[in-house]
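Everything below concerns the one structure shown next.
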């Protein structure tokens, strides 16, 4: 689900938003499966520049961001895609 789609479902957009553990990469969005316990669940890794552009287009400014070390992922069957980087964002609607 896109950030804008989520916002569009709300009666009123919040002034402040905190996002955490957003998997990002320096290339196109990808979706893979992640094994959690005995189940496989969809896992989206977002193109960082595109995602941050979507935040801005939705009317939000990034007031703070951080990298969450230790949460990066490399898809074992597709190592050429590189490692993801988990990010956090603190946003303000402008």
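Numbering (my numbering), first residue to last: 11 to 104. We put the beta carbon where it would ideally sit given N, CA and C, even for glycine.
- Item | Sequence-distant residues of the same chain with beta carbon closer than 8 Å to residue 75, five excluded per side | Taking the first residue of the chain shown as 1, we reach residue 75 at position 65. Annotation for residue 75: 97, 98, 99, 100 place their beta carbon closer than 8 Å to its own, counting only its chain and skipping 5 residues before and after.
- Cβ-Cβ distance between residue 58 and residue 36 below 8 Å: Reading the chain shown from its first residue, position 48 is the one you call residue 58. Reading the chain shown from its first residue, position 26 is the one you call residue 36. Taking 8 Å as the cut-off, the Cβ atoms of residue 58 and residue 36 count as close.
- Message: Can you tell me where the alpha helix (DSSP H) holding residue 48 begins and where it ends?
- Response: By 1-based counting over the chain shown, the position of residue 48 is 38. Note, residue 48: premise wrong, no alpha helix (DSSP H); not H, not E.
- Message: What ranges does the beta strand (DSSP E) occupy inside the stretch 32-97, keeping only unbroken runs of at least 3 residues that lie completely in it?
- Response: If we require 3 residues or more, the beta strand (DSSP E) runs fully inside the stretch 32-97 come out as 40-46, 49-57, 70-77.
- Leaving out five residues before and five after residue 91 in sequence, what residues of the same chain have Cβ atoms less than 7 Å from its Cβ? Position 81 of the chain shown, counted from the first residue, corresponds to residue 91. Non-local C-beta neighbours of residue 91 in its own chain, meaning closer than 7 Å and more than five positions away in sequence, comprise 40, 85, ordered along the chain.
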